[in-house]
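Visitor: Residue numbers (this note's numbering), protein chains in the order written: chain A, 9 to 149; chain B, 9 to 149.
Number of protein chains: 2
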Amino acid sequence: MKSEVTITSQYSNSSITLETDEGKLHGGDTSAPMPLHYFAAGVVTCLVTQMKAFAKRLRIPIKNIVMSANFHWRIEQHGRRPYVSQPIGFDIDIDVGSDAPVDDIKRLIEASKKGCFAEQALTLPCEIGHRLKVGDDWVEV
Amino acid sequence: MKSEVTITSQYSNSSITLETDEGKLHGGDTSAPMPLHYFAAGVVTCLVTQMKAFAKRLRIPIKNIVMSANFHWRIEQHGRRPYVSQPIGFDIDIDVGSDAPVDDIKRLIEASKKGCFAEQALTLPCEIGHRLKVGDDWVEV
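(1) My parser needs the beta strand (DSSP E) runs of 3 or more residues fully inside the segment 18-90 of chain B; what are they?
(2) Would you kindly report the start and end of the unbroken alpha helix (DSSP H) that includes residue 116 of chain B?
(3) Counting contacts by CB-CB distance shorter than 8 angstroms, is residue 69 of chain B in contact with chain A?
(4) Give me the chain E residues within the contact set of residue 89 of chain B, using Cβ-Cβ distance strictly less than 7 angstroms, ordered along the chain.
(5) What distance in whole Å lies between the Cβ atoms of residue 94 of chain A and residue 95 of chain B, which are believed to be in contact at a cut-off of 8 angstroms?
(6) Please report the distance separating the alpha-carbon of residue 40 of chain B from that of residue 24 of chain A.
(7) Please go through the same chain and pick out, in chain order, the residues whose beta-carbon is closer than 8 angstroms to the beta-carbon of residue 136 of chain A, but skip the five residues on each side of it.
(8) Kindly list the residues whose CB is nearer than 6 angstroms to the CB of residue 64 of chain A, restricted to its own chain and excluding five residues on each side of it in sequence; keep chain order.
(9) Relative to the C-alpha of residue 14 of chain B, which residue among A:46, A:10, A:33, A:31 is closest?
(10) I need the DSSP call for residue 140 of chain B, collapsed to helix, strand or coil.
(11) For residue 58 of chain A, count neighbouring Cβ atoms within 10 angstroms of its own Cβ and tell me buried if that reaches 16, exposed if not.
What follows is the structure, given as structure tokens:
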């Protein structure tokens, strides 16, 4: 169940290779983080980072940010057939260490939600196109 | 711009801590992967892993899977004000090494799309709730 992935950001021109694995439950060896570990880490740290960056732009002084998030999915499972998963809802609790007025912090969070690539991809309609290689051609699937 | 995140899966009871940083462009030190590295890695490897798991369930023999994906966002930027980001579309090209009929591979991809937690979170409407700690209370923001 291991996979290796190389991600390149065209914006920052940085490239990184990560490995994933699954737990024993799914036939993996737990030799690396699970795909959903990376996914959840990406969403939450994207918002944290956005808040840090936008706090500077908005000149709102913050000392630290602690987030606690829950990501809920459910699966519909019939015997051994492939299951269907569905997102139920994601909740993020934010504790900001700051002497700034609460309204400033609220304004910072509002701007950060809209700037966060991951959060926008989750909340706005997003199409994922898939193509399968068949011989020498790419076929939409 | 560094952050640290600990992710716990209630399903597999596995927990892992990851660090993130940003590039110099955003005032970071590039000491760790960027949040979007993790996000993109999570989405793509989630689908790969789903295909591996469901190939077994559907008894479709596959040798290997190679994916190449593009994640497109755009930002609307006015001077130094916080920007607004918007997903344009994500494309995933899939090359499957297999002697199985193409229709079986298409069936595998279709099932994997619906099983993949990350892909379902991106394509289905998904609400993210946010609460801010104000004194001892949690306030919806």
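Cβ coordinates follow ideal geometry from the N, Cα and C atoms, glycine included.
Since this is a predicted model, take the numbers as computed values, not measurements.
Guide: Put simply:
(1) The segment 18-90 of chain B contains these whole beta strand (DSSP E) runs: 23-28, 72-84.
(2) Unbroken alpha helix (DSSP H) run through residue 116 of chain B: 110-123.
(3) Chain A, which has no Cβ nearer than 8 angstroms to the Cβ of residue 69 of chain B, makes this no.
(4) Judged by its chain identifiers, the structure shown contains no chain E, and its protein chains are A and B.
(5) Not confirmed; about 20 angstroms, so no contact.
(6) CA-CA distance, residue 40 of chain B to residue 24 of chain A, rounds to 9 angstroms.
(7) Excluding sequence neighbours, residue 136 of chain A sits near nothing in its chain.
(8) In its chain, beyond the 5 residues on either side, no residue has a beta carbon closer than 6 angstroms to the beta carbon of residue 64 of chain A.
(9) The closest CA to that of residue 14 of chain B, considering only A:46, A:10, A:33, A:31, is found on A:46.
(10) In the structure shown, residue 140 of chain B sits in a strand (DSSP, three-state: E or B).
(11) By the neighbour-count criterion, in which a residue is buried when 16 or more other Cβ atoms sit within 10 angstroms of its Cβ, residue 58 of chain A is buried.
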